[in-house]
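Worksheet: the structure to be examined is printed underneath.
In my numbering, the protein residues as written are 48 to 254.
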């Protein structure tokens, strides 16, 4: 009887230890695997027609090991891009995001509406534009081959497409000092002119 009681007590203790360790481990792994930034985007007060379909993508490290985390979200809207942009901009302003007027927003000229925002330690790029439309094949012609990874709403000409990119402000190069000129236009001279030549005075130039 004593051995049975000891065995039962040992089993109960083992089960208790497993349960007490498994539950925190489960919630800990769940927290690490889920990015709270997407919860913030989910909480944006936008109508259902403005978020018909959502696709999320994450890259990089949350703790900026080697590369900081980049959160990307693509959303399909059932209405035109102008109305959709107004809805998202108003929702971001209500949620505490502030319009960020900075150069290189966007990096190059794009169609639609492209705005930049900041909140706390995050930066957000919002791009709303018309969806990519694939024209129907003409009579007697073969249909175009599908793209290997078609973007959401490809092949549809109604509604609009929303792209959201959220980065850590410390990893956003636009938060630092900006160059006075475009590096792509000026470049860098690989052979700069030497102004302080130590042999300039000792070796006079020939007459």
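Virtual Cβ for every residue (Gly too), placed ideally from N, Cα, C.
Close-in-space but distant-in-sequence residues of the same chain around residue i (CB under 7 angstroms, 5 per side omitted)
{"i": "residue 219", "result": "170"}
Beta-carbon proximity list for residue i, same chain, < 6 angstroms, skipping 5 on both sides
{"i": "residue 161", "result": "153 and 174"}
{"i": "residue 84", "result": "118 and 213"}
{"i": "residue 137", "result": "none"}
{"i": "residue 180", "result": "204"}
Beta-carbon proximity check, residue i vs residue j, cutoff 9 angstroms
{"i": "residue 97", "j": "residue 124", "result": "yes"}
{"i": "residue 87", "j": "residue 102", "result": "no"}
{"i": "residue 131", "j": "residue 210", "result": "no"}
{"i": "residue 221", "j": "residue 151", "result": "yes"}
Distance between residue j and residue i (C-alpha atoms, nearest Å)
{"i": "residue 72", "j": "residue 105", "result": "In this prediction, residue 72 has a pLDDT of 43, which is less than 50 and means its spatial position is unreliable; nothing more can be read from the coordinates."}
{"i": "residue 205", "j": "residue 99", "result": "12 angstroms"}
{"i": "residue 147", "j": "residue 127", "result": "24 angstroms"}
{"i": "residue 107", "j": "residue 61", "result": "38 angstroms"}
{"i": "residue 54", "j": "residue 48", "result": "10 angstroms"}
{"i": "residue 156", "j": "residue 177", "result": "15 angstroms"}
{"i": "residue 193", "j": "residue 58", "result": "Its pLDDT being 44, under 50, residue 193 is placed unreliably in this model, and the coordinates cannot settle the point."}
{"i": "residue 158", "j": "residue 113", "result": "33 angstroms"}
{"i": "residue 56", "j": "residue 50", "result": "10 angstroms"}
{"i": "residue 129", "j": "residue 95", "result": "16 angstroms"}
Proximal residues to residue i (C-beta, below 8 angstroms), its chain only, five neighbours per side dropped
{"i": "residue 82", "result": "105, 109, 116 and 118"}
{"i": "residue 111", "result": "215, 217 and 218"}
{"i": "residue 133", "result": "none"}
Spatially closest choice to residue i from the options, by CA coordinates
{"i": "residue 140", "options": "204, 214, 166 and 151", "result": "166"}
{"i": "residue 256", "options": "224, 172, 55 and 204", "result": "Residue 256 lies beyond the residue range present for the chain, which begins at 48 and ends at 254; the question has no answer from this structure."}
{"i": "residue 149", "options": "223, 55 and 159", "result": "223"}
{"i": "residue 142", "options": "93, 176, 156 and 155", "result": "93"}
{"i": "residue 164", "options": "179, 145 and 155", "result": "145"}
{"i": "residue 216", "options": "176, 168 and 84", "result": "168"}
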